[in-house]
Every structure is written in C-alpha cells, then in structure tokens.
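Visitor:
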Amino acid sequence: MNTLQLVAYFGFILFAKGGPLHITTQFIDGDVSFFWNGDPWVPYYDLSIGINQINKTWYRISGRQYTVKKALLYDSVSINVRVPDDPSDNKLTYKVSKIESNVNNSVKISWTAPYFPRAGEYTIYHTNKVYRSIISVYSNDVTLDQTKYEYHSRPLTSTNISFEIKDITPDDAGYYNGGTKTKAAWSGGGVVLIVHNKPSKPKIQGNINILVGNSLELTCTCTSSSSTTPEYYARLHPLSPLSYTWFVNSTQLYGETNKTLKLRVTRNYKYNQYSCTANDKLVSDWSDPVIINPLYTSDKLTISPRPSLNLYNKLPVKEGESIGPYTCTADCNPPCDMTWKYKDSTSGGFFDVASSGLLIGHIVNRSIALYRCIAQYSPDKDFKVIENIILDVHYLDEPQLVYNENSPIYTYEELQVQENTSLHLHCHVNSNPTPTIRLHRGGNANVIAETNSTNWLNHTIYSLQCSDSDEYTCTGDLRLNSKDTVELINGFKVGSQRTVIIKVPVIAYPPPVTSRFSWVDPKGQMINRTNVALLKTHEHYSYLITSVVLLPEVEHYGEYSVQYNGKSLTKIPITKRGGPLHITTQFIDGDVSFFWNGDPGVPFFYLTIGNNKTNITWYLVYGRQYTVKNALLYDSISINVRAPDDPTDNKFTYKVSKIEGNVENSVKISWTAPFFPKAGDYIIYHTNKVNRSIISVCSNDVTLDQTKYEYHSRPLTSTNISFEIKNITPDDAGYYNGGTKAEAAGSGGGVVLIVHNKPSKPNIHGNRNILVGNSLELTCTCNSSSSTTPEYYARLHPLSSLSYTWYVNNTQLYGETNKTLRLRVTRNHKYNQYSCTSRDKLESDRSDPVKINPMYTSDKLTISPRPSLNLYNKLPVKEGETIGPYTCTADCNPPCDMTWKYKDTTSGGFFDVASTALLGSHFVNRSIALYRCIAQYSPDKDFKIIENIILDVYYLDEPQLVYNENSPIYTYEELQVQEKTSLHLYCHVNSNPTPTIRLHRDGNANVIAETNGANWLNHTIFSLQCSDSDEYTCTGESTGLSSKKKVFRINVNCDLRLNSKDTVELIKGFEVGSQRTVIIKIPVIAYPPPVTSRFTWVDPKGQMINGTNVALLKTHEHYSYLITSVVLLPEVEHYGEYSVQYNGKPLTKIPITKRVTTSHDETRRDVKTNGQENQNVLDLEIEKLKLENRKLHEEIQRTQLEKETLQAARNLYNAKLMLILKENKEIAPSIVGQL
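What follows is the structure, encoded as structure tokens:
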C-alpha cells in the first residue's frame, strides 16, 4: 500500500517530528497566557506549572496554550511543556513585574527589551481598559508628552528601557510594555503599575439631635469600594477593614480608631465639632465636621437679679410700686419658651404678664399673690419648670369709722349726739401686715382703746356726758418692718457684764415713743438698764430702733423679748461667748470671705488685712466675718484677727490662685488638698454661676468625661491634685476646688480659671445711605462688654482699647485700625462690601459685610438705542409709523422715577406716554413735536433731568383742488366749463417736507405746471378751447413717501364746427338702380357730442335730401368726432355743391361732380358695381365695429379705474386694522381669530 492509499484509508498525513517548542507569553487583564508552536497534529501536551518557583504535578491538556489566572498574586510563573513520547523539557519562567505607588507621586518603570530596531521606532504602550502608545523612541529622538513622561535610557538605542511617569493618577495604572508592533502592548515582559489612591472623603452619619444622658453613635462612612487601580488588582485585594481617626474641634481623639464613635452625651457637647478620616494605605481627606445638638431640659430656673426675700421667703413690696426688671433663664436645648404670669388672689387664676423671659415694670397691687416664671420645653409639651416670686404686698388704707352700727363718720366731721345716750364707735384699718389700731382722745397722747390682732377696733361710751365732747383720732400704728432684719451686735465688757446692741426695724405712724420700749430676759424679768434711740429711715413710717442693753456675763443667756407698750414685738436669742478663733475662707463670685468662730457675745474684733504681703492698719469690725471684694486683683490676702482685750494674733493667708487660658486650648489646673479621704470620693467641683461636680476620684478609679477632662495625679490618693481641661470654652471659666462635701465647692484653696474668648462678632453701624461727596463713618461695634470669663474677673478688667481690622471685598485695608472707618463716598462705593474684626487678646469672627448705598443724581440721561437724527438733530419718522422701543436710563441711586411724555403742537401741552423707562412702540402723528424722557429723583422732588427726542414727522396728504377761487374739485369729477372763458386751478398739498406739486394733463407724462417751493400750485387757462378738454391730475410727491394724486376732467362746452386738423373725405359709392351712393366723412369738434338726427343734407337746388344715413364716430379726442354720411344721389340730375347742415345751420359744403365713363368702362363698372356695393357695405360695418370697439375700450378703462379705487380702499382698511392690533396687543389674538 503506497502513501496515497494510506491517506485515502486513514484520512490524515503523518508529518515528520518537529524541533524544540518556542514558548511566548501575553498579559491580559491580570492573567498570563502561554503559547507554543508545537505540531498542530499533536493531540495533547503534558505540562507542569510552577508558582513562585514551586512546581506542581504534571497534567495533560489539548491545544497549544495555557492561561494562569490572577497572575498578580504571584512573583513568578514557570511552565514546562512536553510533547508525547518526547522526554525533552520546554521551559519558560514569566516574572510578574509590578510596581506600587501613590497618587501624585512619580514612579520609574524599566524592563529589558529583546532587541532595539535598527530602523523604525520602538513604541512603549500603556494598557488598562484600552491600550495606547505613550512614547516613541528612535535612534536619535524621543517623542512623548514632556509634562507627563521622561525617558531615561541612554543611548537611545539601549535595550534597557527606563522611563519615569510624573504626578501619577489612577488613570496611569495598568500594564506597560514596548516593541515594534502593536501586539507588543500585551506581550509578556512588561510591568504592571499599581496606583493607590486616598479613600473617598468620608461622611459622618448618625442622629446628632439626642437627649443628654443618652448614647450617641457617629459613623464614619466612605462611599468608594476601593481606592486602588487597576481593577484586576483591586479585585484580588479587597479593602481590608479601614482604620479611622476621629477629631473633636480639630484635635485627634486618641484611641478612637473604629468606624463608629460612641459617646455619652452631655450638655457641653454642643460646643464640639466632630470630624473623621478613613485610612487605607493613604489617609482620606477630612470629612465635613458635624456638631452634636444635645437636647436637654432645664433643672431649674434662674431669676436675676436675685429677689431680696424677707424671713418668710417673700418679696416685700409696697402696693403701687413696680416690680422688676427680672430676667428668668433656663438652660434648655432647644431653648425653652419663657413666659411670666401672675396669680390673682381674688379669682385664684393666673394671668399673662410677659411672653418672654423678661419681667419689667409691672405695677403691684394687693390682689397679686405671686409672679411665676414658666419654662415650657417645646419638644415635650408635658415638661414644665416653674419658679415663683411670692409677694408680701404692704399696704395701709385710711381708717374707716362707723358709729352706732351703720352710720359713717367722715374726716373732721363733728358728730352731734345726745347726752346720756350710748355711742358705739367702730374703726376699721385695712392693712398688711395686721396694724395696731388706736383710738385717741384730745391728741395722740391719750389712748382710750387699742388692738394689734385684728383690723377692727370697737369702743363704746355707754352714757355720754358733756365731758366726752372732744376731738377723737383713729390711727393705724406700729409693726415690725419685714423688709429689713433685726441686727444683733455683741458689745464690750463692763465689769462682770457686757453690752448688747440690737437694731430693730419697725413700721409705725405716728412715730413710736422710745420710753414705751422694754426688754424682758429669758426668765420673764424686766431689764431696767436699757438705752433706746429712734432713727427715721427711708420712709416716713419706717424707723430703726437701736437698743443698748447691759447683760450679766454668766447667767442670762437665752431668748430675750422686745416689747412695746407691754406687748411683744420680737424675740432675740443671745448666746454665750466662745473660745479661740479658727479662721476659714470661702471664694464666692470673685470675693474672698474670712470666717472665724469667736464668741458670739463679743461685740467686735480688731483685724488687719494685707494685700500682696502689704499690711493695712488695724481697724474694728462687728461680727465674725470679713469679706475682701475683688480678690482677683491680688496675688494673696492675709488677715490677722484679735478679740477685745486679747493680744493674741489669729493669722491666715489666702493665696489667690488663678490661671488664664484661651478658648479651644487645653489647660492644667492643680492645688494641694489638706487630705485625701481613706474611704469615699474626693470630688472636684466647678463653680461659676452654678456649681457642679466634674471629677470623682477614689483610691482605685476616676470618673470623668474623658473627652473633656484628664486626671493626672498619681497615685490616685495623692493630695497633689492635678487635672487637664481640654478644648476649653467660656463655660469652663470659674472656680475649681475639691473635697468630700458639696460645701467644698466654695471653700478656699481652689483655682480660678480665667478664659479669654474672642470678642463677640462685631456689627457695623453707620448711616450707609449717604450722598456722594459726603463723608461716611462706619463703626465696628462689639455687643459684649468683655470677651473674658468669669464675669467677676471681667468686671475688674474692662476691655482695653480694642484694635480693629477693616476689609473691603475681603481684602484688608492696611493702616485702618480705628474703631471708626471714615470714607469720602463716591459712586463706585456701591460695588464694595465692608467688614471688620476686633481684637483683644484674640481676634473676633469677621462681621457680616455691609454695603454702602451711595446716593446720587444723574448727570445726564441715556436713550438706547441712540436715535438716528438728521442734520437738524431731529428724528425723521413717517406719520402712522411707530417710534421705539427706546429705553431711557439715568444713573441715580436710589433709582430715579422714569417717565415719558410727548408734546402736542396743537395745544402746546405734554401728555403721558409711559410711566417707566421704556418707551414702547408708539404711533406717531404730525401733532407730536417731541418725546421727552423725565428722570425725577425721589429723595429730592425739586431735582429733575430731561432728554428730548425731537421729531421730524413726514406726512403727505391727498391733494385738495379748487377752481375759480372757491369751488372744490373732487376726485374724478368732470368739470363742465364754457369755451372761451378763463379757468383758475389751485392744487394744495399739505406735506412735510415741502412737496413737489405737479399738474399733469392726459397722464403723468405731460406736466403743465410744477412747484417745489410751496404747498400751493396755481394754474390759469385764460381762454378755454375744446382742445383743453382732457383728464387732468394733481400730484404731490415727497421724499420717502408714497405720492398722492387727484384726477379730474375738464370738459369744455363748444359749438359744433369742422375740425380744421382733419379734412373732409368724399367717397363715391356704388350705383343703385338709377342712383348711386356717396359716402362723406366730415371731421367735427363738438361738446357735448352731436346728435346724428340733427344732421341734414341739402342738394344744390336747396332741396332736403331725405335718404341719408348718418353715423357718429368718436375719434382720438372726446370732443372730436367723425360724421359719416351715406347719401343716395340721382345719377344724372343732382351733381353740384351740396350743403351739410346741423340744426338747420350750414356746417360745410361739398361739391359732387359727374363721373365720365366708356363702354369698356361700363362693362367694368357693372362688374365693379356689384363688388363695390359689397365693399361699401363692408366698410360701413367696419366703421360701426370700430365705433363699438372704442366704446368697449372706454368701458374697460372705467372698470379698471374702479378696480384700482377698490384696492386702495382695501389697503386703507388693512392699515387701520394693523393700527388697532398694535394698540390692543392683549386682544389681538382674539381679533385675528374672528377674522
């Protein structure tokens, strides 16, 4: 069997075994494919794949390629391919080259090319989702984008390819390779550039409106899923859990790296701004900050100034006086709705006083029991906090007197009563507190009845005597003044006794008598040795009773009673004198108070005060305390107290500790505590307007707000107290101290934190509406008097002269540092925005910008578009056309009131056209001389500026015709005049400019008169002839306007006569029997047209010829006719001179002669006679047809004229319709619809 038979039998050809395999590679979308050139008939190959130099087991595949997915996971991929029955290895190792870099950096990429072309170019490709060439390298040149790439290989023909990519972006990620052909873009041997970008800018999410005490979660969220390119790398490296960084007021919160920030919300969080970043390989941009809005209600209400209450916790006030002003505040968020009400004791109801937190100037009467401040929390209408000011309204009415049950007694009335009868007197005094009522006789000294327990005093004289006649007085009298307090002063020793000075405030009228005051000791015994002094105070019924009482040293301590007229007025406890002095301190609102425990019976002490180690001389004080005002003025305050008759010094030095800091900074505060509790907590307090605990320290733990405070003392039981306050705010200012009890908050030994804030955001004041050319003053004003807290420090340090910075359009005005900025105002100032800042220790926020409003009038008016004026500075316009639109503007501020008017030449007056600056389309007529734009300046009604558009109105009226002085001629009128008379024609054309007037005859070509210097054209025909009969036209023409004309006809009445311009034509006709016809054509002139029946023929013998036919034919003129007569004459007898007559009058004579003929002629004549006869009839018919044709032609001309007249009327109608539509634009659509 030969080879061909094998092919036919097995269906394939056996090839000889090939050589070694050639393996190539491709890199596509992160995968590496291996290709080899094996025998196409080999059914399979055995191969082994090695990853990172670690070979895998052999396996068998069909085909001549193999792809390794996700090649970027490996450093190298190797392949070994074997052909069946051939143990030879065919190996290739693919090195996975990759470079990682960050956006905005530069990166160098390099590889080794197998060769560099001797001719042509080596192209470097970048492949990501598409491929593109980026660098072309020749043996002597490189082509690239120099702003993006830099080629480093030298010489240029080097196979060590190296280049740099600058300022890389995510778009630069991908596969880089090179070669001489396009397929090199994805062939093996290149480099993958991996670009890391920042995560996307995160957003903070979470409910930021949350109640205080609740937990808050803020989540830092990135929207992008990956920040790395190319995509096939990113999907192999999903985002690892991002780390996060949290910031509060731009300060990092250390230890907070979770996506979610958890906080326990307090009130102070309202001052904080929170932001975050997300961190992968790079850190994202900062998120936009969010501010937590802590929601909270008020624990209590604060009324300031604090009402001065009496011993019964009531506010004493006289009826008719006003209460307030009082400001009621509540620390709520959102702010509480604050109202004031008062309670009416009569009805028991509450009534509105103020709808805000301010109670001011409300007149008090006795029915008002209390004023109530109410704070209503808007998110929770069921929540309400109240604070009352309970009133003790003092009033004392006039006494009211009644006798015998129901009869009133009036002031100074003389009561007439009968002897031996009884008289019942009732005196009522309405008062608070309960008054002392007395009935006096004969003046105030003789009291006949008295009560202090009720408002009524009753007294009866059972049997009136003459001796009872006298003047009686009812008085409301003495009571303790509840507005003031009793003051007890321990006096000095006198032997075994000591003095006590008591000051008792009382109310009484008439004035009390000092001798009626008495003292009773605790055993009920009267004390005789007392001295009482009466001192009148601020009211005519208010007094201060000062008693000096000498008491035994030992026996008589206890409760003493002060009496008046034997009745108890008040009780005063007096205690035993104590031992040695122990001095303590308190710090309250900037003042330091010193207290000592001396004997309360000691009336006074000697003390000296030293400020900053400088002692002041001794002086005497009453009581057991002394307060140094404005302690923050000093570094230290020392006190030395001595009891009377005791030279022992009792010294104490108070160190005034204060620290200053700026808002948003952190500050450390420290002091030394006297001890640290073995059990329980050491509590650190912060006191400003209220006091609160901020840190609790026990032996093994600290409780605090970690975002706000950090406790430094170690060990925790150390008495060296030290802590840090972060991100301080004005609310952090105040007094810090600590201890185991609440009273430690105000005790001495603490530290005052003084916080300097930015001055309040200033406001700019000043009259910004000012005339140009005048001076303007802008003042930068801060509302707050101080930018430093606490308040008791600020009032000691009033604001130093602030410095100021001024800005115009956000650009600093250098050299302008005064509070007031002075400017000379120009028009251009209206484009500027001015703002300012104030600076003390810190600079304030920028004020809101203000704009100056320079006020000015206009120098001129501008009309746009600019009118196109002629040489006479007038605006040419045709009558009936519209003018405009024109806009008139004036540079005024405030804007001028703009109006348009037109001047009417007929009346000379001005009339409104438009009430704005816009002059719309306005129809013009000849009576409008001009349009005037008027600018009226509203602040100054006397100021007015005008601008005129003077019109040159073009118009051309229809010609007006008059003849013979006063007879009008109408269009197409036929004027009947008599021959040989004169005719005076006057044509008037009203026009602007002056028209050219022409008088035409027989059409426009024949001009018989013309003028262009006046509006009148005069023409006279002195002797009218028939030839003057014609159609005449008067035309008016003006440049740019359609000409106008009036057509009329002159018909000259003239008698019938021969027309000398033509000749009489005699035509010898044909024979009719013994006769023959004669046709005579006679041209005549006549108007009106002649009547054919009036023509007669007379033969030479004077006989009338009856057999004539006369036809009238009009010729070229309407007064010219051709009279054609066909006369039948005898052949023989009647030759000679014939006469033609009209109305019996000879018109002309015509000779008719005999015709001579031969026999030949006769024959011919006979032949011709028949033909001629036919021809004559034909000629006659032709003449008749001509005549009819001329009449028809005239009829056609007349119809054409009527048609033109109708078209002119239609054009006039359309023009009027367009005028209506333009003047009524709002109804134009409906009109057009109806048409």
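Taking mature numbering (1 follows the signal peptide of the UniProt record, and there is no 0), I'd label the letters of the sequence shown as residues -18 to -1, 1 to 1217.
Positions of the beta carbon are idealized from the N, C-alpha and C atoms, including for glycine.
Taking 7 Å as the cut-off, does the CB of H966 come closer than this to any heavy atom belonging to the ligand COA?
Guide: The ligand COA is not part of the structure shown, which contains no ligands of any sort.
Visitor: Looking only at its chain, what residues have a beta carbon closer than 6 Å to the beta carbon of residue 1218, apart from the 5 residues adjacent to it on each side?
Guide: Given that the chain is displayed from residue -18 to residue 1217, the structure contains no residue 1218 and the question cannot be resolved.
Visitor: Which word fits Y796, buried or exposed, when buried means at least 16 other C-beta atoms lie within 10 angstroms of its C-beta?
Guide: Exposed.
Visitor: Looking only at C-alpha atoms, which of A53, I81, P2, T7 sits nearest to P69?
Guide: Looking at the Cα atoms, P2 is the closest of the given residues.
Visitor: I'd like the span of the beta strand (DSSP E) that includes E1013, first residue to last.
Guide: Element bounds for E1013: 1012 to 1019.
Visitor: Does Y214 come out as helix, strand or coil in the three-state DSSP assignment?
Guide: Three-state result, Y214: helix.
Visitor: From the DSSP output, in three-state form, read off E992 for me.
Guide: It is a strand residue.
Visitor: Please name the residue in G731, K263, H904, E955 whose C-alpha comes closest to that of S182.
Guide: The residue with the shortest Cα to Cα distance from S182 is K263.
Visitor: Need the endpoints of the alpha helix (DSSP H) that A776 sits in, please.
Guide: 773 to 776 is the span of the alpha helix (DSSP H), which, as asked, contains A776.
Visitor: Report all residues from its chain with a CB closer than 6 Å to the CB of E103; omit the five preceding and five following residues, and keep chain order.
Guide: The answer, listed in chain order, is S118, Y120.
Visitor: Using the C-alpha atoms, what's the distance from G339 back to T321?
Guide: When rounded, the distance between both Cα atoms is 6 Å.
Visitor: Decide if R696 is buried, meaning its Cβ has at least 16 other Cβ atoms within 10 Å, or exposed.
Guide: Counting Cβ neighbours within 10 Å, R696 comes out exposed, since fewer than 16 surround it.
Visitor: In terms of alpha-carbon separation, which member of D822, K148, V734, N142 lies closest to L126?
Guide: Ranking the options by Cα distance to L126, first place goes to K148.
Visitor: My parser needs the beta strand (DSSP E) runs of 3 or more residues fully inside the stretch 150 to 191; what are they?
Guide: For the stretch 150 to 191, whole beta strand (DSSP E) runs of length 3 or above, ordered along the chain, are 156 to 161, 173 to 178, 185 to 187.
Visitor: Please classify P25: is it buried, with 16 or more other beta-carbons within 10 angstroms of its beta-carbon, or exposed?
Guide: The residue in question, P25, is exposed, as its Cβ has fewer than 16 Cβ neighbours within 10 Å.
Visitor: Following the continuous beta strand (DSSP E) through R423, name the residue where it begins and the one where it ends.
Guide: Run containing R423: 418 to 423, per the beta strand (DSSP E) assignment.
Visitor: Of the residues E432, T403, S404, H406, which one's Cα is nearest the Cα of T416?
Guide: Of the candidates E432, T403, S404, H406, the one whose C-alpha sits nearest the C-alpha of T416 is E432.
Visitor: When the Cα atoms are used, what is the spatial distance from G572 to N673?
Guide: If I take the Cα positions, the gap works out to 14 Å.
Visitor: Beta-carbon within less than 8 Å of Y691's beta-carbon, same chain only, minus the 5 sequence neighbours each way: which residues are those?
Guide: Excluding residues within five positions, the ones whose Cβ falls inside 8 Å are I676, I677, F705, E706, I707, K708.
Visitor: Who are the near neighbours of residue 1220 in its chain, counting only those whose CB is closer than 8 Å to its CB and skipping five residues on each side?
Guide: There is simply no residue 1220 to check, as the chain begins at -18 and stops at 1217 in what is shown.
Visitor: In the structure shown, what three-state DSSP assignment does Y813 receive?
Guide: Of the three classes helix, strand and coil, the one that applies to Y813 here is helix, per DSSP.
Visitor: In terms of residues, what are the limits of the beta strand (DSSP E) holding K1063?
Guide: Its beta strand (DSSP E) spans residues 1057 to 1069.
Visitor: With a threshold of 8 Å, are at least 3 pairs of Cβ atoms found where one atom belongs to the stretch 219 to 239 and the other to the stretch 306 to 313?
Guide: No, they do not touch.
Visitor: Going along the chain, which residues of its own chain have a beta-carbon closer than 6 Å to the beta-carbon of W788, five neighbours each way excluded?
Guide: Once the five neighbours on either side are set aside, the close Cβ partners of W788 are L795, E798, L803, C818.
Visitor: From the DSSP secondary-structure annotation, give me the bridge partner or partners of H966.
Guide: Answer is T1002, bridged to H966.
Visitor: Provide the residue span of the beta strand (DSSP E) that contains R288, from first to last.
Guide: R288 -> no beta strand (DSSP E), and no H or E assigned at all.
Visitor: Going by the CB atoms, is the gap between I1032 and V959 shorter than 8 Å?
Guide: For V959 and I1032, yes; Cβs fall inside 8 Å.
Visitor: Just mark A996 as buried or exposed, buried being the case when its beta carbon has 16 or more other beta carbons within 10 Å.
Guide: Classification of A996: exposed, given that the 10 Å Cβ count is below 16.
Visitor: Figure out for me which residue from N196, S197, K185, V177 has the closest Cα to the Cα of T210.
Guide: It is V177.
Visitor: Determine the burial state of H747: buried for a count of at least 16 other Cβ atoms within 10 Å of its Cβ, exposed for fewer.
Guide: By the neighbour-count rule (16 or more Cβ atoms within 10 Å), H747 is not buried but exposed.
Visitor: Grab the span of the beta strand (DSSP E) containing S639 for me, first residue to last.
Guide: Run containing S639: 639 to 644, per the beta strand (DSSP E) assignment.
Visitor: Is the beta carbon of L526 closer than 8 Å to that of T481?
Guide: No, the pair does not count as a contact, with Cβ atoms beyond the cut-off.
Visitor: Using the Cα positions of D374 and I834, report the straight-line distance between them to the nearest angstrom.
Guide: Cα-Cα distance, rounded: 56 Å.
Visitor: Exposed or buried, H694, counting other C-beta atoms within 10 Å across all chains shown (16 or more means buried)?
Guide: H694 should be labelled exposed.
Visitor: Decide if T685 is buried, meaning its Cβ has at least 16 other Cβ atoms within 10 Å, or exposed.
Guide: Under this definition T685 is an exposed residue.
Visitor: Give the straight-line distance between the Cα atoms of I1087 and L1095, rounded to the nearest whole angstrom.
Guide: Whole-angstrom Cα-Cα distance: 22 Å.
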